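Each position in the sequence shown, counted from 1, maps to that position plus 90 in the working numbering.
The structure appears right after this line, and notes come after that.
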Amino acid sequence: MALKATIFKATLNIADMDRHYYADHHLTLARHPSETDERMMIRLLAFILNASESLEFTKGISTDDEPDLWQKSLSDEIELWIELGLPDESRLRKACNRADQVILYTYGGRAVPLWWEKHRGKLARFSNLTIVNLPPEATEPLADLAERGMNLQCTIQDGTVNIGNEQALVSLTPELLHPE
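Rendered as structure tokens:
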């Protein structure tokens with residue numbers, strides 16, 4: 091018998107002072123059985139960093155031809171493709187050819203510099219690609235915020251992200267890898 095996704099509900103109060111975006115979002119996230127709390131919370135962080143009324147989660151891990159999140163135009167063109175992890179160059183190339191803008195959020199500590207050195211030369215040519223590294227000392231505590239029903243306060247100012255609930259606060263500053 092196949093394992094089913096675990097459903098999480100998140101209420102986000104977002105105050106993004108860098109983009110002048112202020113909104114509340116009520117989201118439903120399905121955590122795939124093979125997905126960790128850390129990865130699910132990084133998906134939520136990617137939503138927070140790019141929040142808009144048209145940004146949405148996709149089927150994610152279970153599909154090869156969709157990103158983790160995307161934003162589509164009214165004519166169904168992909169405006170924003172958001173990927174997580176350390177994908178191979180061919181996946182990012184396809185994404186850059188299909189979307190107006192692609193953002194990759196890398197995470198995983200020591201594996202990130204090795205992955206970046208291997209792919210840096212091939213990825214440098216994509217002008218619509220942004221690569222942002224999320225430090226492990228910040229993504230690991232994010233997993234502790236995961237609850238089936240989450241109510242999170244999210245503030246972004248001067249590139250620093252603060253996400254918290256009534257018990258804990260996680261602060262992180264994403265590092266831009268590309269464009270350099």
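Ideal placement from N, C-alpha and C gives every residue a C-beta, glycine not left out.
Bear in mind the structure is a predicted one, so any value in this text is a computation, not a measurement.
Here THR229 carries a helix assignment [DSSP, helix/strand/coil]. Residue environment analysis places THR118 among the exposed positions, since fewer than 16 neighbouring C-beta atoms fall within 10 angstroms of its C-beta. Taking C-beta atoms under 8 Å as the contact rule, ALA233 and GLU125 fail to qualify, at a distance of about 11 Å. In this chain, the beta strand (DSSP E) harbouring MET240 covers 239-247. The DSSP assignment places complete alpha helix (DSSP H) segments of no fewer than 4 residues inside the segment 180-220 at 201-213, in order along the chain.
DSSP, read as helix, strand or coil, puts LEU164 in coil. Ranking THR263, TRP206, ARG109 by CA distance to the CA of ASN140 puts ARG109 first. Looking at the backbone, the Cα of ALA214 and that of HIS268 are separated by about 8 Å.
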